[in-house]
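J.:
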Amino acid sequence: MTSTTEPTEPLSVEQLSATTLLRFATAGSVDDGKSTLVGRLLHDSKSILTDQLEAVEHASRNRGQDTPDLALLTDGLRAEREQGITIDVAYRYFATARRRFILADTPGHVQYTRNMVTGASTADLAVVLVDARNGVIEQTRRHAAVAALLRVPHVVLAVNKMDLVGYEESVFAAIAEEFTAYASELGVPEITAIPISALAGDNVVEPSANMDWYGGPTVLEHLETVPVSHDLAHCHARLPVQYVIRPQTAEHPDYRGYAGQIAAGSLRVGQTVTVLPSGRTSTISGIDLLGEPVDVAWTPQSVTVLLKDDIDISRGDLIVPSTDAPPTTQDVEATVCHVADEALTVGHRVLLKHGTRTVKAIVKDIPSRLTLDDLSLHPHPGRLVANDIGRVKIRTAEPLPVDSYADSRRTGAFILIDPSDGTTLTAGMVGESFAAPQPVKDDSDDDGWDF
Numbered sequence: 269m270t271s272t273t274e275p276t277e278p279l280s281v282e283q284l285s286a287t288t289l290l291r292f293a294t295a296g297s298v299d300d301g302k303s304t305l306v307g308r309l310l311h312d313s314k315s316i317l318t319d320q321l322e323a324v325e326h327a328s329r330n331r332g333q334d335t336p337d338l339a340l341l342t343d344g345l346r347a348e349r350e351q352g353i354t355i356d357v358a359y360r361y362f363a364t365a366r367r368r369f370i371l372a373d374t375p376g377h378v379q380y381t382r383n384m385v386t387g388a389s390t391a392d393l394a395v396v397l398v399d400a401r402n403g404v405i406e407q408t409r410r411h412a413a414v415a416a417l418l419r420v421p422h423v424v425l426a427v428n429k430m431d432l433v434g435y436e437e438s439v440f441a442a443i444a445e446e447f448t449a450y451a452s453e454l455g456v457p458e459i460t461a462i463p464i465s466a467l468a469g470d471n472v473v474e475p476s477a478n479m480d481w482y483g484g485p486t487v488l489e490h491l492e493t494v495p496v497s498h499d500l501a502h503c504h505a506r507l508p509v510q511y512v513i514r515p516q517t518a519e520h521p522d523y524r525g526y527a528g529q530i531a532a533g534s535l536r537v538g539q540t541v542t543v544l545p546s547g548r549t550s551t552i553s554g555i556d557l558l559g560e561p562v563d564v565a566w567t568p569q570s571v572t573v574l575l576k577d578d579i580d581i582s583r584g585d586l587i588v589p590s591t592d593a594p595p596t597t598q599d600v601e602a603t604v605c606h607v608a609d610e611a612l613t614v615g616h617r618v619l620l621k622h623g624t625r626t627v628k629a630i631v632k633d634i635p636s637r638l639t640l641d642d643l644s645l646h647p648h649p650g651r652l653v654a655n656d657i658g659r660v661k662i663r664t665a666e667p668l669p670v671d672s673y674a675d676s677r678r679t680g681a682f683i684l685i686d687p688s689d690g691t692t693l694t695a696g697m698v699g700e701s702f703a704a705p706q707p708v709k710d711d712s713d714d715d716g717w718d719f
């Protein structure tokens, strides 16, 4: 076994705690090499165990392959291995000395667009692969559009299979120019193009000796160095209450704490806060983090907040700075991706889950369905089927404090749930998409849940 397949010394707890976390997703058309890229990334960064590699080698030999098929490191379903395609989202966790990673390998087929939405919804970066022989195709544009809709802040264009086009710089340059122009029109803020060969390992972890004309970073180098920190001073601080802690013990007879994970921004002792949707105000008198008092806490820490005043707060409420409170509304307009096999229709009764709060709701209107091929709008389709992306207007039974998804990917997102069986129907993003929606008309009179 060569040194490139031998595991390195595991990182210590101190090393891991000192590194930042990057969530990223891979996307691209069928056979562009997404799973092979992920496998090469894990293999060459020495992030796979010996028994995992041996299992891949064994499976590859059974398929008549002379060399290990690194795509098998992520394609775990039997149907995926038999067909040589990715069907479900595969998550992998690995770390280098510089950063920790959670990656989502998403499918390339059109019918699995909803899977890409799932994988990229929490991603800080998306790697969109393109086959150098085919260039930018319809599915490439579709995945760029989904990344733009989900407000993924960084996009990497990985032009794969450069070995099959003779490592020609002109081929890479033409593809990079076309994709960058398209993605920029969609509002993608940062695009980095990298020429690679996932199969041969060119520019994945190690620089390629075959493309001396390229002076940029390798894929791993870019993943390790791309900025993922956010300026907390400019974030909207949000704490969805997960649980109310009342020990009622002799040691803590009057302790009342509100526990949850800070979704965005930072909170500090002495800060004046408002509890939504009730609108009651108070002052933070204490913050407990891992059982110890602290003066300030920030996303994504899980904390317990204590308030100066004894006010009614329960699971689902949102604690926010009084000077930076989101509006509360019962009319939510959003861009959604429908993920269920059952269609979403006008008049559909649903449950809307936003943060830790779940309320009854009705789909009042579906103003448009987005055609990702050319970004055109089909007005008032009346329904959305699996993998459709469109605009909806929803009326909720109770007021909700919602941010625009453009301002906060955590508190601007929600899901719609089937109240009969708990099935997730739709993933939603509050506010405008990159395409102007049709005007929402409120001329329906629904029976049943009419708020």
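Under this note's numbering, the first residue of the sequence shown carries the number 269, and numbering increases by one thereafter.
Here a beta-carbon is modelled for each residue, glycine too, at the ideal position from N, C-alpha and C.
Values in this document were obtained by computation on a predicted structure and should not be read as measured data.
What number of angstroms, rounded off, separates the C-alpha of Leu546 from the C-alpha of Pro667?
T.: Along the sequence shown, read from residue 1 onward, the residue named residue 546 stands at position 278. Along the sequence shown, read from residue 1 onward, the residue named residue 667 stands at position 399. Reading the sequence as shown, one finds Ser at residue 546 and not Leu. Roughly 9 Å separates the two Cα atoms.
J.: Using the Cα positions of Ala468 and Leu310, report the straight-line distance between them to the nearest angstrom.
T.: The residue you call residue 468 lines up with position 200 of the sequence shown. The residue you call residue 310 lines up with position 42 of the sequence shown. About 14 Å.
J.: For Arg409, which residues does DSSP report across the bridge?
T.: By 1-based counting over the sequence shown, the position of residue 409 is 141. DSSP lists no partner for Arg409.
J.: Using 8 Å for Cβ pairs, my map puts Leu491 next to Val472. What's the rounded Cβ distance?
T.: Start at 1 with the first residue of the sequence shown, and residue 491 comes out as number 223. Start at 1 with the first residue of the sequence shown, and residue 472 comes out as number 204. Not a contact, Cβ separation roughly 10 Å.
J.: Any idea what DSSP makes of Glu560, helix, strand or coil?
T.: Start at 1 with the first residue of the sequence shown, and residue 560 comes out as number 292. It is a strand residue.
J.: Taking the C-alpha atoms as reference points, what is the distance between Thr364 and Gly307?
T.: Locating residue 364 in the sequence shown gives position 96, counting from the first residue. Locating residue 307 in the sequence shown gives position 39, counting from the first residue. One C-alpha to the other measures close to 15 Å.
J.: Check whether the segment 448-465 touches the segment 414-423, counting contact only when three or more Cβ pairs, one atom from each stretch, lie closer than 8 Å.
T.: yes
J.: Using 10 angstroms around the beta-carbon of Leu558, count the other beta-carbons present and answer buried if the total reaches 16, otherwise exposed.
T.: Indexing the sequence shown from 1 puts residue 558 at position 290. Exposed, by the Cβ-count rule.
J.: On the criterion of 16 or more Cβ atoms from any shown chain inside 10 Å, does Ala286 qualify as buried, or is it exposed?
T.: Numbered from its first residue, the sequence shown carries residue 286 at position 18. Because Ala286 carries a pLDDT of 48, less than 50, the predicted location of this residue cannot be relied on, and the following value inherits that uncertainty. Ala286 should be labelled exposed.
J.: Which residues bound the alpha helix (DSSP H) around Ala388?
T.: For this step, residue 388 is matched to residue 120 along the sequence shown. From DSSP, the alpha helix (DSSP H) with Ala388 extends over 381-388.
J.: Is it buried or exposed, Gly344, if we count other Cβ atoms within 10 angstroms and call 16 or more buried?
T.: Numbered from 1 along the sequence shown, position 76 holds the residue referred to as residue 344. Confidence in Gly344 is poor, its pLDDT being 49 and thus under 50, which makes the residue's placement unreliable; the coordinate value appears in the next sentence. The residue in question, Gly344, is exposed, as its Cβ has fewer than 16 Cβ neighbours within 10 Å.
J.: For a quick check, are the C-beta atoms of Ser788 and Gly528 less than 9 Å apart?
T.: No statement about residue 788 is possible, as the shown extent of the chain runs from 269 to 719 and does not include it.
J.: State buried or exposed for Leu432, treating a residue as buried only when at least 16 other CB atoms are found within 10 Å of its CB.
T.: Along the sequence shown, one-based indexing puts residue 432 at 164. Per the 10 Å Cβ criterion, exposed.
J.: Would you mind sorting Asp609 into buried or exposed? The rule is 16 or more other CB atoms within 10 Å of its CB.
T.: Within the sequence shown, numbered from 1, the residue matching residue 609 stands at position 341. It counts as exposed.
J.: The beta strand (DSSP E) that contains Glu601, what's its start and end?
T.: Taking the sequence shown and counting its residues from 1, the one referred to as residue 601 is at position 333. Here the beta strand (DSSP E) through Glu601 covers 596-606.
J.: Residue ranges of each beta strand (DSSP E) run of no fewer than 3 residues wholly in the segment 421-473, ordered along the chain?
T.: 422-428, 459-463
J.: So, with DSSP's three-state summary, where would you put Ser590?
T.: Locating residue 590 in the sequence shown gives position 322, counting from the first residue. Ser590 falls in the helix class under three-state DSSP.
J.: Alpha carbon to alpha carbon, how far is Lys661 from Glu700?
T.: In the sequence shown, counting from the first residue as 1, residue 661 sits at position 393. In the sequence shown, counting from the first residue as 1, residue 700 sits at position 432. Their Cα atoms are separated by approximately 12 Å.
J.: What does DSSP give as the partner residue(s) for Leu620 in the beta ladder?
T.: Taking the first residue of the sequence shown as 1, we reach residue 620 at position 352. Paired residues: Val627, Leu684.
J.: Just checking my contact of His622 with Val670 at CB under 8 Å: how many whole Å lie between their CB atoms?
T.: Sequence index remark: in the sequence shown, residue 622 carries index 354 (1-based). Sequence index remark: in the sequence shown, residue 670 carries index 402 (1-based). Your pair His622 and Val670 checks out as a contact, with CB atoms roughly 6 Å apart and the cut at 8 Å.
J.: What do you reckon, are the CB atoms on Lys302 and Asp392 nearer than 9 Å?
T.: Numbered from 1 along the sequence shown, position 34 holds the residue referred to as residue 302. Numbered from 1 along the sequence shown, position 124 holds the residue referred to as residue 392. Inclusion of Lys302 and Asp392 in the CB contact set at 9 Å is not warranted, their separation being larger than that value.
J.: Checking 9 Å against the spacing of the C-beta atoms, do Thr369 and Arg291 come in under that value?
T.: Counted from its first residue, the sequence shown places residue 369 at position 101. Counted from its first residue, the sequence shown places residue 291 at position 23. The residue you asked about is not Thr; residue 369 is Phe in the sequence shown. For Phe369 and Arg291, yes; Cβs fall inside 9 Å.
J.: So, helix, strand or coil for Val357, using DSSP?
T.: Mapped onto the sequence shown, residue 357 falls at position 89. If DSSP states are grouped into helix, strand and coil, Val357 belongs with coil.
J.: Whose C-alpha, out of Pro635, Leu586, Asp642, is nearest the C-alpha of Pro508?
T.: For the purposes of this step, residue 508 is taken as residue 240 along the sequence shown, with counting starting at 1. Closest by alpha carbon: Leu586.
J.: To the nearest angstrom, report how far apart Thr572 and Thr542 are at their CA atoms.
T.: Against the sequence shown, residue 572 aligns to sequence position 304. Against the sequence shown, residue 542 aligns to sequence position 274. When rounded, the distance between both Cα atoms is 16 Å.
J.: Within 10 angstroms of its Cβ, does Lys632 collect 16 or more other Cβ (buried), or is it exposed?
T.: Locating residue 632 in the sequence shown gives position 364, counting from the first residue. Per the 10 Å Cβ criterion, buried.
J.: What do you get for Gly387, buried or exposed, if any count of 16 or more other CB atoms within 10 angstroms of its CB means buried?
T.: Along the sequence shown, one-based indexing puts residue 387 at 119. With 16 or more other Cβ atoms within 10 Å, it is buried.
J.: Can the beta-carbon of Arg663 be found closer than 9 Å to that of Val604?
T.: Walking along the sequence shown from the start, residue 663 turns up at place 395. Walking along the sequence shown from the start, residue 604 turns up at place 336. Against a cut-off of 9 Å, the Cβ pair of Val604 and Arg663 comes out as no contact.
J.: Nearest CA to the CA of Ile552: which residue from Ala532, Pro568, Thr567, Ile579?
T.: Here residue 552 refers to the residue found at position 284 when the sequence shown is read from its first residue. Considering only alpha carbons, the answer is Ile579.
J.: In whole angstroms, what is the alpha-carbon distance linking Arg583 and Ile530?
T.: Counting from 1 along the sequence shown, the entry for residue 583 is found at position 315. Counting from 1 along the sequence shown, the entry for residue 530 is found at position 262. Rounded to whole angstroms, Arg583 to Ile530 spans 14 Å at the Cα level.
J.: DSSP state of Gly533, grouped into three classes?
T.: Against the sequence shown, residue 533 aligns to sequence position 265. Coil.
J.: Determine, using beta carbons only, whether Tyr523 and Tyr511 come nearer to each other than 9 Å.
T.: Position 255 of the sequence shown, counting from 1, holds the residue named residue 523. Position 243 of the sequence shown, counting from 1, holds the residue named residue 511. No, the Cβ-Cβ distance between Tyr523 and Tyr511 is not below 9 Å.
J.: Quick check on Glu492: does DSSP put it in helix, strand or coil?
T.: Mapped onto the sequence shown, residue 492 falls at position 224. Reduced to three states, the DSSP call for Glu492 is helix.
J.: Specify, as a first and last residue, the run of the beta strand (DSSP E) that Ser303 falls within.
T.: The residue you call residue 303 lines up with position 35 of the sequence shown. Looking at the DSSP string, Ser303 is not in any beta strand (DSSP E); the run it does join, the alpha helix (DSSP H), is 302-312.
J.: Where Ser550 and Ile513 are concerned, what is the direct C-alpha to C-alpha distance, given to the nearest angstrom?
T.: For the purposes of this step, residue 550 is taken as residue 282 along the sequence shown, with counting starting at 1. For the purposes of this step, residue 513 is taken as residue 245 along the sequence shown, with counting starting at 1. Whole-angstrom Cα-Cα distance: 18 Å.
J.: Among the candidates Glu519, Thr624, His646, Ser465, whose CA atom is the shortest distance from the CA of Val398?
T.: Taking the first residue of the sequence shown as 1, we reach residue 398 at position 130. Val398 has its Cα closest to that of Ser465, out of Glu519, Thr624, His646, Ser465.
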